[in-house]
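Chains as they are written, first to last, in the numbering used here: chain L, 1 to 369; chain V, 1 to 89. We put the CB at the ideal spot given by N, CA and C, even for glycine.
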Amino acid sequence: MTARDAYLYVLRSALWGEPLSESIPAAQLKEVLSIAKAQSTLPLVCQALLLSPGQELSDSQKVSMQNKLRSTVSLHLRSNHVIALLTASLRARGIDPVLMKGQGVASYYKTPYLRECGDIDLYVGKARYTEACETVAAMAGIEDVPEWSERKKHYNVDVEGVPVELHWTSDLLPKRYDAAYQEYSLDGMTHGLVQKAIDGEVVNTPADSFNAFFIFNHTWHHFVTGGVGLRQFCDWVMLLHAKAGALDLDHIKEILERLDLMDPWQVFGKVAVEHLGLPSEEMPFYNEKSDPRVEQVLDIVFREGNFGHERQELRNRPKNFFVAKVRSLMIHVWRYSKMMSMFGRVATCQFKEMLTGGIRTAAEEFGEK
Amino acid sequence: MKTIEGFVLRPLGEEYIVIGEGIAQVDFNRMISMNSTAAYLWRNVEGKEFTVEDLRDLLLEEYEVDPETAAADAAALARKWVEAGIVAE
């Protein structure tokens, strides 16, 4: 068993709550933990190792893992507290936010408080977006809120030490698909919302069927544009498992076909089933045929880490503005060429979007200099 | 006394924690750590009315301990749970 296989074995144990029947060799343990960290799944892996008898853990490893678990729970509690505060403050202004991803999806895990915490993403819609930003900015002690721009999907601010992103839209897709996506998003973020109790507050999360697509699309978007960790795949797997039999598959199919995303959905679906243990009958539109892209996707995910943080080629950025931009462009072109060879048109659209966005940003940055 | 609805016992590695989950009435942003003895007691009284004497008897059933020590430990633990806000008197 390679360290990667051992990591996946431990991760599956954590996701499905089944103790490990085999011991992870001590020589592999360090690498397993290192992979878990890069994939933003370290707390889950620590829990599975500590709960499974017969693991070759040193005392210092046990203490370090236990500390990681405690700090993760503390972060969850702090995050939940801020979500409740934000929700109450926005509601007091008549704005009803929707919690996307993060703590909302964590509730579908067997151990919700061990999903590695990220930031808080709140959708507030377009109509009262500026007012919502002002409300949240005031909570952070900030007076000036930047002007709304359709190109920027969220406003970032820290509230009580927790990063918060306030969204006017759940996402922005390449031009070719965006109008259709916005229709589905508006519907999924305003109708059939699912309510969760978080730290004394009833909090909205997206409608289930849209959420199943949205969490996939978020994973796909990060995968194709710069790198994604297995935590995002785990989120999708846990959501699909929790909502098995309750999703509107016709609706999801319509979205996937209209946005040309059925192919990546099916490839990611095989990662979910073959490597993360989701029962195939719980994976909508599961394609049983073998596909070499499944291993290619996994290779990329392991090499790049969550949000591409492990990408070696992005390190040591040149100081010269133009050299840095050209180098960055070449890295992106090389990476997108791989994506386009794997996923065709839908990845090509992302590439065009990256090019136009990159040129615009570079021009703006140059203008500021 | 009674454990407050919404607080659940969860394993956390080699320890246990009691954490507020799942119902809107619970407004709680701390975790209460428990060792295996406290976790055993919590599991046995969760959702039920209980007394300090019930806790003492549970200790005597499970552990080799004299009644005075069990009574003192049970009283101390019950006090701690009430102070932490996870048990109502």
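{"Item": "Whose Cβ in chain V lies nearer than 9 Å to the Cβ of A244/L?", "Value": "Neighbours of A244/L on chain V: none; closest Cβ ~20 Å, over 9 Å."}
{"Item": "Where does the unbroken beta strand (DSSP E) through V273/L begin, and where does it stop?", "Value": "Per DSSP, V273/L belongs to no beta strand (DSSP E); it is in the alpha helix (DSSP H), 262 to 274."}
{"Item": "Listing by chain order, which chain V residues have their CB less than 9 Å from the CB of Q66/L?", "Value": "L12, G13, E14, E15"}
{"Item": "Am I right that S79/L and Q47/L are in contact with their C-beta atoms under 8 Å? What's the rounded C-beta distance?", "Value": "About 18 Å; that fails the 8 Å criterion."}
{"Item": "Taking the alpha-carbon positions, what's the I83/L to V52/V distance?", "Value": "37 Å"}
{"Item": "If we count Cβ pairs, one from each stretch, closer than 8 Å, do we get three or more for the segment 237 to 257 of chain L versus the segment 352 to 362 of chain L?", "Value": "no"}
{"Item": "Could you list the residues in the segment 38 to 61 of chain V with a C-beta less than 8 Å from some C-beta on chain L, going in chain order?", "Value": "none"}
{"Item": "Here's the rule: buried if 16 or more other CB atoms are within 10 angstroms of the residue's CB, otherwise exposed. What is K380/L?", "Value": "No answer is possible for residue 380/L: it lies beyond the span of chain L, which begins at 1 and ends at 369."}
{"Item": "Can you confirm whether N29/V, when its beta carbon is compared against all beta carbons of chain L, has any partner nearer than 7 Å?", "Value": "yes"}
{"Item": "Does G22/V have its Cβ less than 7 Å from a Cβ in chain L?", "Value": "yes"}
{"Item": "What first and last residue would you give for the alpha helix (DSSP H) that runs through P374/L?", "Value": "Shown here, chain L extends from 1 to 369; a query on residue 374/L therefore has no answer."}
{"Item": "Using a beta-carbon distance cut-off of less than 9 Å, what residues from the segment 44 to 67 of chain L approach chain V?", "Value": "C46, Q47, L49, L50, L51, K62, M65, Q66"}
{"Item": "Can you name, in chain order, every residue of its own chain whose Cβ lies under 7 Å from the Cβ of V123/L, other than the five neighbours on each side?", "Value": "The residue asked about is misnamed: residue 123/L is Tyr in this sequence, not Val. For Y123/L, where only same-chain residues beyond five positions count, the Cβ hits under 7 Å are P97, V98, M100, H167, S170, M189."}
{"Item": "Chain V partners of A106/L, CB-CB under 9 Å?", "Value": "Chain V residues near A106/L: none, gap ~11 Å exceeds 9 Å."}
{"Item": "Return yes when the Cβ of E49/V is within less than 7 Å of the Cβ of K2/V, no when it is not.", "Value": "yes"}
{"Item": "So for L90/L, helix, strand or coil by DSSP?", "Value": "helix"}
{"Item": "So what's F7/V in DSSP terms, helix, strand or just coil?", "Value": "strand"}
{"Item": "Pull out every residue of the segment 185 to 207 of chain L whose Cβ sits closer than 7 Å to any Cβ of chain V, in chain order.", "Value": "A197, D199, G200, E201, V202"}
{"Item": "Report the rounded CA-to-CA distance for K325/L versus E365/L, giving the unit in angstroms.", "Value": "11 Å"}
{"Item": "Measure from the C-beta of V228/L to each C-beta in chain V and report whether the shortest distance is under 7 Å.", "Value": "no"}
{"Item": "Output needed in chain order: residues of the segment 72 to 97 of chain L with a Cβ under 8 Å from some Cβ in chain V.", "Value": "V73, S74, L77, R78, N80, H81, A84"}
{"Item": "Who does Y108/L pair with in a DSSP beta bridge?", "Value": "In DSSP, Y108/L forms no bridge with anything."}
{"Item": "Pick out the complete alpha helix (DSSP H) segments inside the segment 57 to 103 of chain L, 4 residues or longer, and give them in chain order.", "Value": "59 to 92"}
{"Item": "Does H275/L pass the burial test, meaning 16 or more other C-beta atoms within 10 Å, or should it be called exposed?", "Value": "buried"}
{"Item": "For L122/L, would you say it is in contact with chain B, using Cβ-to-Cβ distances shorter than 7 Å as the test?", "Value": "Any reference to chain B falls outside this structure, whose protein chains are L and V."}
{"Item": "From Y129/L, I198/L, H332/L, E31/L, pick the residue whose C-alpha is nearest to that of T87/L; which is it?", "Value": "I198/L"}
{"Item": "Mind pulling the chain V residues with CB within less than 7 Å of Y9/L?", "Value": "Near Y9/L there are no residues of chain V at all, since even the closest Cβ is about 18 Å away, more than 7 Å."}
{"Item": "Could you give the distance in angstroms between the alpha-carbon of E310/L and the alpha-carbon of R303/L?", "Value": "7 Å"}
{"Item": "Within the continuous beta strand (DSSP E) that includes V195/L, where are the two ends?", "Value": "First, the amino acid is wrong: residue 195/L is Gln here, not Val. Unbroken beta strand (DSSP E) run through Q195/L: 194 to 198."}
{"Item": "Figure out for me which residue from P146/L, Q66/L, S40/L has the closest Cα to the Cα of R115/L.", "Value": "S40/L"}
{"Item": "So, does the CB of L240/L fall closer than 7 Å to a CB anywhere in chain V?", "Value": "no"}
{"Item": "Among I215/L, R231/L, S209/L, which one has its Cα closest to the Cα of A14/L?", "Value": "R231/L"}
{"Item": "With distances taken Cα to Cα, identify the nearest neighbour of G22/V among E160/L, A27/L, P112/L.", "Value": "P112/L"}
{"Item": "S107/L and K196/L - do their beta-carbons sit closer together than 7 Å?", "Value": "yes"}
{"Item": "Here's the rule: buried if 16 or more other CB atoms are within 10 angstroms of the residue's CB, otherwise exposed. What is V202/L?", "Value": "exposed"}
{"Item": "Using 7 Å as the threshold, is the C-beta distance between C117/L and H76/L below it?", "Value": "yes"}
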